[in-house]
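*Asks:*
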Amino acid sequence: MSHVRQLRISPNVFRNTRSPGNMSRREFLQLGGALAAGAVLASCSSPGSLRGPGTHGSDIVQLVYSDWQTDWFAGMAQQMLEQFHTDNPNVQVFFTPDPDNLGDDMMADFQRGTAPDVLNGCCDFFPIWAQKGYLLDLRPFVQADLDRSTIDDWSKAQYEAFFTANGLQFGLPKYHGALAVYYNKDIFDRAGVAYPDDSWTHDDYLGAMQQLRQGQTRFGDAPGWASMFDISWERIQVHVNGWGGNFVDPSDPTRSLMGNQEALNAMQWLRDRIWTDHTMASPLDVQNLETRQAFIQERIAMVEDGSWALKDILENAPFRIGVTTFPAGPKRKATLATTDGFAIYA
């Protein structure tokens, strides 16, 4: 890997339409982790040393770092980069927001050789990047620089998700998002329905949705649906997990289990909520609003959404908000836990 790449700098670099305000520990660690990875890239003399002169024979190492494109993140990144540059004057880091379609657009950048040096990834596309050989194997650097207590502080499931089948370590944890149920306390109170809690099962969930439909047929100026979820494979699989099933065999990802009875029962439960009793909204019911926006606009009384939606909901919802764990299925309690991480372009 070359130590200086063609820079892919967006015209929106450092665009900041909101004040970053005080950073949480998570936000600090999130960006600090990426910059630490950049420092490893710039200074390690481990196998395949990445040190070297910068442009025009200078000793400055230039790196491109890509992360979230949300409007509040660029200002926070700029603030942290100023601190990083003060502490590491021989390293110059340029921040660029993620492309719109991160999974596909970053793949195109890899193929062109213009991907950022330090980047974040998640979901199903992150391991695909590694399987295609675009991400650096971090094992030598982890062994040299990270002690066991640091590794043990991360979620074991998340940490182990950053290894390919042949043992290559392509990422380090960024943060662990989780799926939960948000609810509108004002609507629950008006309908006379008890708030959900962590003892809830899917039967309790359905009972509350039915009560909400009976107790109040309109929320604000829109037809009332009790709940909603993103219709995507990972959001559906959370319910399948609760029924004791999986979409694929955990020990053999080439073997589909979608036809097993547990998976079929869970998907039938979801289908009935949307199309039979109409307690859950479909995307068309809310004019294709994001789930969090449908909740904020009081189109629905509850929403299955992640910790990543919390900031938008807290800042924009005009009602009292509650949040609880995902309801247990007939076989077990499950949630979606993300594998967001940082990687280095190989």
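Under the numbering used here, the first residue of the sequence shown carries the number 1204, and numbering increases by one thereafter.
Just so you know, even glycine gets a beta-carbon here, dropped at the ideal spot from N, CA and C.
(1) Determine whether the beta carbon atoms of Phe1276 and Ala1546 lie at a separation below 8 angstroms.
(2) Give me the Cα-Cα distance between Ser1249 and Arg1535, rounded to the nearest whole angstrom.
(3) Just the C-alpha distance for Pro1530 and Val1294, rounded to the nearest angstrom, thanks.
(4) Using beta-carbon positions only, say whether Phe1450 and Ala1429 come within less than 8 angstroms of one another.
(5) Could you spell out the range, first to last residue, of the alpha helix (DSSP H) harbouring Lys1388?
(6) Closest to Gln1413 by CA distance: which of Asn1463, Ile1503, Leu1517 and Gln1282 is it?
(7) Three-state secondary structure (DSSP) at Gln1295?
(8) Does the beta carbon of Asp1392 sit closer than 8 angstroms to a beta carbon anywhere in chain C?
(9) Could you tell me whether the Cβ atoms of Phe1498 and Lys1388 are closer together than 8 angstroms?
(10) Around the C-beta of Glu1501, are 16 or more other C-beta atoms found within 10 angstroms, so that it is buried, or is it exposed?
(11) Is the segment 1324-1340 touching the segment 1282-1300, taking contact as three or more C-beta pairs under 8 angstroms?
(12) Can you find the residues in the same chain that come closer than 6 angstroms, C-beta to C-beta, to Ala1411, ignoring five residues on each side of it along the sequence?
(13) Can you list, in chain order, the stretches of the alpha helix (DSSP H) that have 4 or more residues and sit fully within the segment 1483-1539?
(14) Which two residues bound the contiguous beta strand (DSSP E) that contains Ala1546?
(15) Is the Cβ-Cβ distance between Ala1381 and Thr1538 less than 8 angstroms?
(16) Counting only runs of 4+ residues fully inside the segment 1328-1392, write out the alpha helix (DSSP H) ranges in chain order.
(17) Here's the rule: buried if 16 or more other CB atoms are within 10 angstroms of the residue's CB, otherwise exposed. What is Asp1301?
(18) If you draw a straight line from the C-alpha of Lys1377 to the C-alpha of Asn1323, how long is it?
(19) Find the nearest neighbour of Ile1439 within the set Gly1532, Ala1549 and Val1264, judged by alpha-carbon distance.
(20) With a threshold of 16 other CB atoms inside 10 Å of the CB of Ser1269, please say whether the residue is buried or exposed.
(21) Below 8 angstroms on the Cβ atoms is my contact criterion, and I expect Val1267 with Phe1297 to pass it. Report the Cβ-Cβ distance as a whole number of Å.
(22) Under three-state DSSP, which class holds Thr1457?
(23) I need the straight-line Cα distance from Ser1485 to Met1431, nearest angstrom please.
(24) Pick out whichever of Gln1361, Gly1278, Tyr1398 and Asp1480 has its Cα sitting closest to the Cα of Thr1528.
(25) Can you grab the Cα-Cα spacing for the pair Ala1540 / Trp1511, in whole Å?
(26) With the cut-off set at 8 angstroms, would you say Val1384 and Glu1507 are in Cβ contact?
(27) Let me confirm a value: Gly1370 is counted as buried when at least 16 other C-beta atoms fall within 10 Å, else exposed. Which label applies?
(28) Report yes if the CB atom of Tyr1548 is closer than 8 angstroms to the CB atom of Pro1319, and no otherwise.
(29) Less than 8 angstroms between the CB atoms is what I'm expecting for Leu1375 and Leu1409, so what's the real figure, rounded?
(30) Check Asn1444 in the structure and name its three-state DSSP category.
(31) Could you tell me the alpha carbon to alpha carbon distance between Gln1471 and Thr1299, rounded to whole angstroms?
(32) Would you tell me roughly how many angstroms separate the C-alpha atoms of Asp1307 and Gln1272, rounded to the nearest one?
(33) What would DSSP say about Asp1406, mapped onto helix, strand or coil?
(34) Taking C-beta to C-beta, are Gly1509 and Tyr1386 nearer than 8 angstroms?
*Replies:* By the coordinates alone:
(1) no
(2) Because the pLDDT of Ser1249 is 36, which lies under 50, any placement of that residue in the model is unreliable, and the number read from its coordinates should be weighed accordingly. So the two alpha carbons sit approximately 45 angstroms from each other.
(3) 48 angstroms
(4) no
(5) Lys1388 to Ala1394
(6) Ile1503
(7) strand
(8) Judged by its chain identifiers, the structure shown contains no chain C, having just a single protein chain.
(9) no
(10) buried
(11) no
(12) Val1396
(13) 1494-1499 and 1513-1519
(14) Asp1543 to Ile1547
(15) yes
(16) 1328-1334, 1342-1348, 1351-1356 and 1359-1363
(17) buried
(18) 8 angstroms
(19) Gly1532
(20) buried
(21) 5 angstroms
(22) strand
(23) 7 angstroms
(24) Tyr1398
(25) 11 angstroms
(26) yes
(27) exposed
(28) yes
(29) The Cβ separation is near 40 angstroms, so there is no contact.
(30) helix
(31) 43 angstroms
(32) 16 angstroms
(33) helix
(34) no
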